[in-house]
Each structure stands twice: as C-alpha cells, then as structure tokens.
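Residue numbers (full-length UniProt numbering), protein chains in the order written: chain A, 1 to 177; chain B, 1 to 177. Note that the Cβ used here is the ideal one computed from N, Cα and C, for glycine as well. Remember, predicted model here, so these are calculated numbers, not experimental data. The structure appears below as structure tokens.
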C-alpha cells in the first residue's frame, strides 16, 4: 500500500506555544518537509482571545497547505494542572478546526512518536532532533527548535498510516466474512 | 447600577451532556427564565464529530437567543481524567463559539454558584433545585433535572454582575487618578 503524495499536518498542541508542521510522503519511507512553524498566543490575553487567535492561525495553515490528515500529540494529565487545562482547551479548538473542514485527526502519545522516529520510545530531545534532521534531509536542525516536535508527529503518522490502513482493511474483511 | 434587560446564557459544560440556559435580568433581583435544555453527543462517536456537534448546537443557541454575556462553570482536574479532558475540550470549543461572536465569557466555580443562589457554598442538588425553582418563579422544578445547573450558573452571574461592574469602575477610577 503506497501513501506517496499523502500530505500530513503535525501539531504539537499548546496555548502559549503550538508547534505546526506539514510534510508529504514520498516513495517508500521518504518524507518531504513542506512547512514548519510555531503559533504563539500571549499569556496576558484572555482565554477567549487566545483560543480565537489559535483557531484562526491553525485554520489558515489548514487552508493554505490543504493536508489530507492531521496528526496530533495526545496530551496527558501530568504536569502543571493549569497548563494541562489550557492545552486541553487548545486541542478542542484545533480538533474542531479539522472537523469543520472534514479532515481526519489521529492522536499519538509522545512515546509512540519517539519510537516511530528513533526506534526508542524514550529518546531525548537531542536524539529526536538529530533523527528528524536526517529523515527529512535537512542541512541543519529545524527551527524554531520546538517545532521539531511537530515534524516528528507528522513523520510518525506517515510511517504508521500504512499499518493503520492495513488493520482497517483486515477488520473490514473480517466483518464481511 | 441596573442590569435590567441583561440577557445571560448559562453553560454547565460537558461533552456527553451539556446544560444550557438563558435568563434575563428584571427589576432589582428579579430574573426571568427564557430557555433551558441539554445538548448530548454520543460517546460512541469520534471526538472530532462530538466537538463539531456541540459547537454547532451552542452556536445555534447563541444565535437564536442573542445573550449579552455567557456564564460558564469553571472545571477542575478532579474526578475521572478522561472525562475531565473531554470536558476541557468542550469548554475550549464553547469559549471559541462565544469569542467568534464577540460575547464575553465569565467563569464561576461550583461553590461560587451555590453560594450566590442558595447562600451556602455547599448546598446539595436538591436544595439548589428548590432555590432555582423559587427564584425563577417556576410552577415546578426545571426539566431536564441537570439543566437546573445551567440555570443556577446564569442566575449566579446576574447577581454577581453588578459587583463585577462596580469593581471594574473602581479599578478604572483608581487607574485614572
């Protein structure tokens, strides 16, 4: 099953900083980088204003780059509670932006992303940056630094998508028997 | 300071069940009920589909009833983690719906709502329902039962709004001196 040409948008969700990327699947395991960036909203602004800004920025990315699918990091309850809640609000708004445009969303845990990209579910930030730079054939590490996470999430989906498609096929086959 | 005519939409946020209400401030402490209901999204549907349905339903309520302000219950990290995350996604989507229409959102904790409505921050569900039924001059308890929470949040805002407005006035006065 070939995914050549599949365009994936990767999102590392956050309200203060949200990493965005777009990649395109090439031949075999080849992946071509298309765009990478970070959307920021000021922590001094009200929640409503911040969600509105984020929603519009992500909507513009989707409309500009027209991804076939969006891959997002699954968030956990760990860490600062207020930050987690803000991130969860941000995820809601971004999943909605995808749904309004009919684009499917897939979620991956941080360790799934690390495992897919580096072979090691506990790879550190430096190892991940080295791998992403190599996989995408970049002459230097992607900038801004934390946008590398958004690229890693998109790469993770590219490499897992054939498995997901194969599993769905087998499930449908089993259901039809 | 009179708030007569102020129209408040109350939201008891949730993804599986979301309580919605609209009330209008009358003379003095009088409050007139306008609408109450519950939006449900099926737990078997995908998150994207559920958020889309909720966003559209809340958007329709806002467009139909044209509230001046939205009051929402502030959520906490307590309880089932998956439920809290779902509720946080729902809050993000509803705050966005308000922001897109330029309607301010105020958040109140459950104990602030209970205190404002019953005078007791630890009032139970039954006491709250009795108070809400009395305050709004209803002939029987509001239905569905859990929509009473959405009414209580709206009532809480009506009675706290004069204080918020007065505080803002004093703050502005102090800043201008």
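Those residues which DSSP pairs with residue i across a bridge
i, result
"residue 65(B)", "Paired residue(s): none; residue 65(B) is not in a bridge."
"residue 7(A)", "24(A)"
Three-state class that DSSP yields for residue i in the structure shown
i, result
"residue 21(A)", "strand"
"residue 40(B)", "strand"
"residue 13(A)", "coil"
"residue 29(B)", "coil"
"residue 35(B)", "strand"
"residue 149(A)", "helix"
"residue 162(A)", "helix"
"residue 174(B)", "helix"
"residue 141(B)", "coil"
"residue 45(A)", "coil"
From the options, residue whose alpha carbon lies closest to that of residue i
i, options, result
"residue 50(A)", "93(A), 149(A), 146(A), 144(A)", "93(A)"
"residue 37(B)", "147(B), 157(B), 70(B)", "147(B)"
"residue 145(B)", "156(B), 169(B), 159(B), 128(B)", "128(B)"
"residue 159(B)", "171(B), 136(B), 176(B)", "136(B)"
"residue 103(B)", "121(B), 59(B), 80(B), 123(B)", "59(B)"
"residue 83(B)", "166(B), 47(B), 173(B)", "47(B)"
"residue 151(A)", "133(A), 140(A), 164(A)", "133(A)"
"residue 66(B)", "43(B), 45(B), 29(B), 21(B)", "21(B)"
"residue 10(A)", "171(A), 169(A), 131(A), 153(A)", "153(A)"
"residue 30(B)", "85(B), 138(B), 126(B)", "138(B)"
Residues near residue i by beta carbon distance below 6 Å, same chain, minus five either side
i, result
"residue 107(B)", "72, 74"
"residue 24(B)", "7, 32, 34"
"residue 149(B)", "12, 19"
"residue 68(A)", "6, 7"
"residue 123(A)", "114"
"residue 141(B)", "129, 133"
"residue 131(A)", "117, 118"
Nonlocal neighbours in the same chain, by C-beta distance under 7 Å from residue i, ignoring five residues either side
i, result
"residue 13(B)", "72, 73, 75, 87, 90, 91, 94"
"residue 57(B)", "39"
"residue 156(A)", "71, 108, 112, 113, 116, 117"
"residue 3(A)", "25, 158, 161, 162"
"residue 101(B)", "62"
"residue 119(B)", "none"
"residue 43(A)", "16"
"residue 27(B)", "4"
Own chain residues within Cβ distance below 8 Å of residue i, not counting five before or after
i, result
"residue 54(B)", "15, 18, 39, 41, 90, 93, 94"
"residue 98(A)", "62, 70, 104, 105"
"residue 176(A)", "none"
"residue 121(A)", "111, 112, 114, 115"
"residue 179(B)", "Chain B is shown only over 1 to 177; residue 179(B) falls outside these bounds and no answer can be derived."
"residue 96(B)", "55"
"residue 164(A)", "106"
#### Entry: Inside the segment 56-138 of chain B only - alpha helix (DSSP H) runs reaching at least 4 residues
81-100, 110-118, 125-135
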